[in-house]
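*Asks:* Numbering (the numbering used here), first residue to last: -11 to 170.
(1) Taking buried to mean at least 16 other C-beta atoms within 10 Å of its own C-beta, is residue 117 buried or exposed?
(2) For residue 70, I'd like the list of residues in its chain whose CB is within less than 7 Å of its CB, leaving aside the five on either flank, ordered along the chain.
(3) Can you give me the start and stop residues for the alpha helix (DSSP H) that residue 202 sits inside?
(4) Count the other CB atoms, across all protein chains shown, that sit within 10 Å of the CB of residue 89; report buried if there are 16 or more and exposed otherwise.
(5) Going by beta-carbon coordinates alone, are residue 20 and residue 2 separated by less than 8 Å?
(6) Apart from the five residues on each side of it in sequence, which residues of its chain come closer than 7 Å, Cβ to Cβ, to residue 102?
(7) If you draw a straight line from the C-alpha of residue 138 to the C-alpha of residue 108, how long is it?
(8) In this structure, what does DSSP give as the bridge partners for residue 63?
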């Protein structure tokens, strides 16, 4: 839709960009985007589509494309019961987790930020199903989001940063990793 919020990010750690939009299909919000960058493994091109429930809890995720010689074709689903599946296979280690974190894009930070804003929460400790770009496997990743002056403080094991966020919930500055293109 023409009125959907959109953003273009530039990578700061490697040459690359990510274009994303928030889409709303009835009461089903979500994200769709494409990330391109020069990965150490070779040129990378990934498309992603995330569908959520009305509270911005992940329902389904699709990631397709290539990173160098590696081809990705991932279909990830979260059942209403909290059970996760990857390409039809059950992932019991992730049962009960709410969010997907696609490690190659800042887009999925939007999900917990929008959910926390809507619930008027200033802090939350969550665990996400993280697509780790180091080996392209799914892992549980504990995370904390805490509202700050210009956005949200994000922490995960061994990592902490201040995320500047716009009115739509998009990260506009992710220090040393991503920045919004004007």
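Quick reminder that beta carbons are idealized off the backbone N, C-alpha and C, glycines included.
*Replies:* With the structure as the only source:
(1) Reading the chain shown from its first residue, position 129 is the one you call residue 117. Classification of residue 117: buried, given that the 10 Å Cβ count is 16 or more.
(2) Along the chain shown, read from residue 1 onward, the residue named residue 70 stands at position 82. If we look at residue 70 and ignore the five residues flanking it on each side, its Cβ neighbours are 83 and 84.
(3) Limits of the chain in this structure are -11 at one end and 170 at the other, which puts residue 202 out of reach.
(4) Position 101 of the chain shown holds residue 89. Classification for residue 89: buried.
(5) If you number the chain shown from 1, residue 20 lands on position 32. If you number the chain shown from 1, residue 2 lands on position 14. No, the Cβ-Cβ distance between residue 20 and residue 2 is not below 8 Å.
(6) As a first step, residue 102 must be located in the chain shown, where it is residue number 114. Only 44 and 157 meet the Cβ criterion.
(7) Taking the chain shown and counting its residues from 1, the one referred to as residue 138 is at position 150. Taking the chain shown and counting its residues from 1, the one referred to as residue 108 is at position 120. When rounded, the distance between both Cα atoms is 16 Å.
(8) Mapped onto the chain shown, residue 63 falls at position 75. Per DSSP, 50.
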